[in-house]
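Right, one structure below, let's go through it.
In this note's numbering, the protein residues as written are 185 to 386.
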């Protein structure tokens with residue numbers, strides 16, 4: 185498996201819909217890596233593209249309808265064992281849970297991405313040992329939050345609400361080391377709706 189120290193470039197593509205065609209297209213297009221959901225997709229990608237850089241998570245729907253991201257160390261380990269270089273998890277929880285997740289991942293030789301919704305959560309996750317802090321769970325794209333995290337030396341991956349290359353560049357200019365883009369690259373049906381909404385047609 186690839187031991188990731190430096191990414192080839194700064195674009196990660198989140199392929200969590202129609203993975204068997206979005207993954208190849210993202211990699212052929214030149215993405216530095218892909219973000220995938222579920223051990224099965226990770227294993228498929230690792231088999232088909234052995235040298236690919238994979239950031240993985242495991243989304244689980246809860247009884248209240250909410251979705252949790254890699255909620256347990258067992259799900260995190262399975263992602264790494266399937267071939268993920270990095271495992272992403274929800275780092276908004278109590279500090280002891282975040283620390284336990286990071287310890288479990290690092291003991292397996294995995295690198296960890298802490299998905300957060302605020303600067304405070306990002307700082308806390310970094311102090312616990314996260315390798316990357318991602319803005320995945322922020323309510324909206326905020327370059328000021330990216331700047332605040334990056335200015336403390338944190339390796340930041342901007343994620344969420346990035347729809348254009350211009351927005352991606354703004355995030356990088358704010359201090360993000362990586363940008364992770366999903367729907368704007370991998371979901372033509374969503375992009376179609378954006379255009380329809382933009383021109384006012386139904």
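Virtual Cβ for every residue (Gly too), placed ideally from N, Cα, C.
query	result
Nearest residue (CA-CA) to residue 210, options 222, 196 and 221	196
Counted within 10 angstroms of its Cβ, other Cβ atoms place residue 316 as buried (16 or more) or exposed	buried
Residue 231 to residue 336 span [Cα, whole Å]	37 Å
Residue 186 in three-state terms, based on DSSP	Low confidence applies here, because residue 186 scores a pLDDT of 43, under 50, leaving its location unreliable; read the following figure in that light. Coil at residue 186, not helix or strand.
Where the beta strand (DSSP E) containing residue 241 begins and where it ends	238 to 241
Beta-carbon spacing of residue 266, residue 298 below 8 Å	no
Where residue 268 sits in the DSSP three-state scheme	coil
At least 3 beta-carbon pairs within less than 8 Å: the stretch 317 to 334 vs the stretch 282 to 300	yes
Residue environment, residue 242, which counts as buried when at least 16 other CB atoms sit within 10 Å	buried
Cβ-based neighbour list, residue 223, same chain, cut-off 6 Å, excluding 5 preceding and 5 following	262, 263 and 266
Residue ranges of each beta strand (DSSP E) within the stretch 280 to 368, 3 or longer	295 to 299, 316 to 318, 340 to 343 and 362 to 365
Which of helix, strand or coil DSSP assigns to residue 247	coil
Member of 359, 313, 311 and 247 whose CA lies at the smallest distance from the CA of residue 328	359
Range covered by the beta strand (DSSP E) that runs through residue 221	217 to 221
Member of 364, 192, 377 and 269 whose CA lies at the smallest distance from the CA of residue 292	269
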